[in-house]
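Position one of the sequence shown corresponds to residue 1 (the UniProt record's numbering), numbered consecutively onward. Right, one structure below, let's go through it.
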Amino acid sequence: MRLELRDIHKVFSDGTHALRGVTLEVLPGEVLALLGENGAGKTTLMKIAAGIYKPTSGDIYIDGRPVKMRSARDALKLGIAMVHQHLSLIPGLTAMENLAIVEGAGLRPISAELKTRALKVAEELGFEVDWDRDVEELPLGVRQRVEIVKALAWGADLLILDEPTTVLTPPEVKPLFQVIRRLKEMGKSVVYITHKIPEVLEIADRVVVLRRGVKTAEFTPPYDPKRLVESMVGELKTESVAREGKPGERPVLEVEDLWIYEGGRAVLQGVSLRVREREILAVVGVEGNGQEQLVEAVVGVRRGRGLVKVHGGLAYIPDDRQRKALLMELSLVENAIVGREREFARRGLISWKLAAEYTEGLIREFGIVTPGPWASVRQLSGGNQQKLVVGRELGRGAKLIVAHQPTRGLDVATTEHVHSLLIKARNGGAGVLLVTSDLDEAYKLADTIAVIYRGRIAALGPAGEMGVELVGRKMAGL
Numbered sequence: 001m002r003l004e005l006r007d008i009h010k011v012f013s014d015g016t017h018a019l020r021g022v023t024l025e026v027l028p029g030e031v032l033a034l035l036g037e038n039g040a041g042k043t044t045l046m047k048i049a050a051g052i053y054k055p056t057s058g059d060i061y062i063d064g065r066p067v068k069m070r071s072a073r074d075a076l077k078l079g080i081a082m083v084h085q086h087l088s089l090i091p092g093l094t095a096m097e098n099l100a101i102v103e104g105a106g107l108r109p110i111s112a113e114l115k116t117r118a119l120k121v122a123e124e125l126g127f128e129v130d131w132d133r134d135v136e137e138l139p140l141g142v143r144q145r146v147e148i149v150k151a152l153a154w155g156a157d158l159l160i161l162d163e164p165t166t167v168l169t170p171p172e173v174k175p176l177f178q179v180i181r182r183l184k185e186m187g188k189s190v191v192y193i194t195h196k197i198p199e200v201l202e203i204a205d206r207v208v209v210l211r212r213g214v215k216t217a218e219f220t221p222p223y224d225p226k227r228l229v230e231s232m233v234g235e236l237k238t239e240s241v242a243r244e245g246k247p248g249e250r251p252v253l254e255v256e257d258l259w260i261y262e263g264g265r266a267v268l269q270g271v272s273l274r275v276r277e278r279e280i281l282a283v284v285g286v287e288g289n290g291q292e293q294l295v296e297a298v299v300g301v302r303r304g305r306g307l308v309k310v311h312g313g314l315a316y317i318p319d320d321r322q323r324k325a326l327l328m329e330l331s332l333v334e335n336a337i338v339g340r341e342r343e344f345a346r347r348g349l350i351s352w353k354l355a356a357e358y359t360e361g362l363i364r365e366f367g368i369v370t371p372g373p374w375a376s377v378r379q380l381s382g383g384n385q386q387k388l389v390v391g392r393e394l395g396r397g398a399k400l401i402v403a404h405q406p407t408r409g410l411d412v413a414t415t416e417h418v419h420s421l422l423i424k425a426r427n428g429g430a431g432v433l434l435v436t437s438d439l440d441e442a443y444k445l446a447d448t449i450a451v452i453y454r455g456r457i458a459a460l461g462p463a464g465e466m467g468v469e470l471v472g473r474k475m476a477g478l
């Protein structure tokens, strides 16, 4: 299948001009990387290709024939499917039951034909999935595989993957690339939406770069990473902030012999660790080894057996911004001051003028792409939502910062900015509990690294003494 998008414009009802005359084509059997920073229009463009959005103007062609799509169902009939950044499977249903859900038609009976097709696709791709389990019980990487199988079982020839590694841990990324290569061998086309340069170098046959709704460049191998970055974000001004001084002696977080049970099973088993002033402690591990429960115990939303003591208040950057950090229907202004309302109160009432000025400062500092401070956060791209959360939390001046996947979904420039802010907070006397699946991030930021495996701390020591081979072996339980 050959897909062509010609002169696509998209203007939303609030006046946001998200796409400005973008033209591109996707060739049969190729992996096209759609590269750009948060808010560049990548996902909007592909939602138009997948029938989810209608273009304000412009034309869509498949194999040279003009087509009109009113829904994702129409796109699927034409052979186009999209796997979203925030996976859209329905909890409470099994993996196989989720395959039978068609947008616009609801849950259909699981026919023998659909089941046979799905199992054949899974076998061709080398997927192992427990199809009778509730999807909520499956690891995120397996859920993503279910979405891919679903799209192909319903006949997709062109698969759009929106920031597919956002939900994956480092060990799961390589198998994803192998799957993409298999799809290519099967004659399928893949559009790979990303802002991560290393992924482009690894997987793309061709790269199209979007910036602020405009197609700025197109590349074929061999790629020059510097040119890719510059066409994506302009000249990249990195903030090189060095750690100053050694960690102090006074703790800002103490965790001693912490046990947490779920369904009669110990998901944390006697965890003990300490974060000191001027220290970034990175907890690394394959997702699902107790990281989430540890973070929830530290921030006070989950109880366990043992001691958790926080000294001097905390700021919390959660891993799931939509469920844990933002009130999606409220404005940026209202979300920016959550938990800090007293700071903006005058005579007992919130000064919305001050709150709006503060929010405008966050928008400028973090480069949040938004129609304005009073826009609903639901209108923002995932990366811009994360920028708002990070800006709000790091502005609290807390002695302990709990950062769970703080740069997940962020572009290159904003990731650098967040890293510099965490180091500045550390240099200023704060302690940081950094829970990340990105080993590069851990080694770049951490004074101390702890490896968590099956609810236990498998290794802990100064970052300079925790070699990559050792950490990798401990993450795998060796």
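A virtual CB, placed ideally from N, CA and C, is assigned to each residue, including glycine. Since we're looking at a predicted model, the values are computed, not measured.
Beta bridge counterpart(s) of residue i as assigned by DSSP
i           : result
Phe-366     : The partner list for Phe-366 (beta bridge, DSSP) is empty, contrary to what the question assumes.
His-419     : Paired residue(s): none; His-419 is not in a bridge.
Ala-459     : Val-451
Met-232     : None, per the DSSP bridge assignment.
Val-432     : Ile-280 and Ile-401
Ile-317     : Ala-403
Arg-133     : In DSSP, Arg-133 forms no bridge with anything.
Leu-76      : Bridge partners of Leu-76: none, in fact.
residue 490 : The requested residue 490 is not part of the displayed model; the chain covers only 1 to 478.
Leu-32      : Val-191 and Arg-206
Glu-4       : Glu-25 and Tyr-61
Pro-66      : Tyr-61
Tyr-223     : In DSSP, Tyr-223 forms no bridge with anything.
Tyr-261     : Ala-266
Lys-215     : Leu-210
Within 7 Å, strictly: CB atoms of residue i and residue j
i       : j       : result
Trp-131 : Ala-81  : no
Leu-421 : Leu-394 : yes
Arg-274 : Pro-251 : yes
Ala-33  : Val-207 : yes
Glu-172 : Gly-213 : no
Gly-39  : Arg-211 : no
Tyr-61  : Glu-4   : yes
Ala-322 : Val-435 : Checking the sequence shown, residue 322 turns out to be Gln, not Ala. Cβ atoms of Gln-322 and Val-435: not closer than 7 Å.
Tyr-453 : Asn-335 : no
Val-284 : Ala-442 : yes
Lys-215 : Val-369 : no
Glu-244 : Asn-384 : no
Asp-157 : Val-31  : no
Glu-360 : Pro-371 : no
Ile-280 : Val-432 : yes
Pro-221 : Ile-197 : no
Ala-100 : Ala-75  : no
Nearest-angstrom Cα separation, counted from residue j out to residue i
i           : j       : result
His-419     : Thr-44  : 28 Å
Ala-345     : Ala-356 : 13 Å
Gly-79      : Leu-159 : 8 Å
Gly-29      : Met-186 : 8 Å
Gln-85      : Arg-347 : 43 Å
Glu-329     : Lys-387 : 17 Å
Gly-472     : Lys-324 : 29 Å
Leu-19      : Ser-13  : 13 Å
Thr-16      : Gln-379 : 10 Å
Ile-350     : Glu-343 : 9 Å
Gly-104     : Leu-138 : With a pLDDT of 47 at Gly-104, under the threshold of 50, the modelled position of that residue is not reliable, and the figure given next carries that caveat. For Gly-104 and Leu-138, the distance between alpha carbons rounds to 25 Å.
Glu-266     : Leu-258 : Rather than Glu, the amino acid found at residue 266 in this sequence is Ala. Roughly 10 Å between the two C-alpha positions.
Leu-119     : Ile-90  : 20 Å
Leu-327     : Leu-445 : 30 Å
Pro-406     : Gly-313 : 19 Å
Ile-48      : Ala-403 : 34 Å
Ser-381     : Gly-300 : 29 Å
residue 528 : Ala-315 : Residue 528 lies beyond the residue range present for the chain, which begins at 1 and ends at 478; the question has no answer from this structure.
For residue i, three-class secondary structure by DSSP
i       : result
Phe-177 : helix
Glu-256 : strand
Leu-478 : coil
Asp-440 : helix
Ala-413 : helix
Glu-244 : coil
Glu-199 : helix
Lys-184 : helix
Leu-349 : strand
Gly-141 : helix
Lys-47  : helix
Cβ of residue i within 7 Å of any chain C Cβ
i       : result
Ile-401 : In the displayed structure, chain C is absent; only one protein chain is listed.
| query | Using 8 Å as the Cβ pair cut-off and three pairs as the minimum, do the region 62–73 and the region 126–136 touch? | reply | no
| request: Answer yes if the region 2–15 comes into contact with the region 51–61, meaning at least three C-beta pairs across the two stretches below 8 Å, and no otherwise. | output: At 8 Å Cβ cutoff, the stretches touch.
| said: Using a Cβ distance threshold of 8 Å, determine whether the region 449–469 contacts the region 261–275, with at least three qualifying pairs required. | reply: yes
| query | Looking at C-beta atoms only, is the number of pairs between the region 442–456 and the region 295–306 that lie closer than 8 Å three or more? | reply | Touching, no.
| said: When you compare the region 307–320 with the region 254–263, are there three or more beta-carbon pairs, one atom per stretch, that lie closer than 8 Å? | reply: Note that the region 307–320 touches the region 254–263; at least 3 beta-carbon pairs, one per stretch, sit closer than 8 Å.
| task | Take every Cβ of the region 143–163, pair it with every Cβ of the region 187–199, and state whether three or more of those distances are shorter than 8 Å. | result | yes
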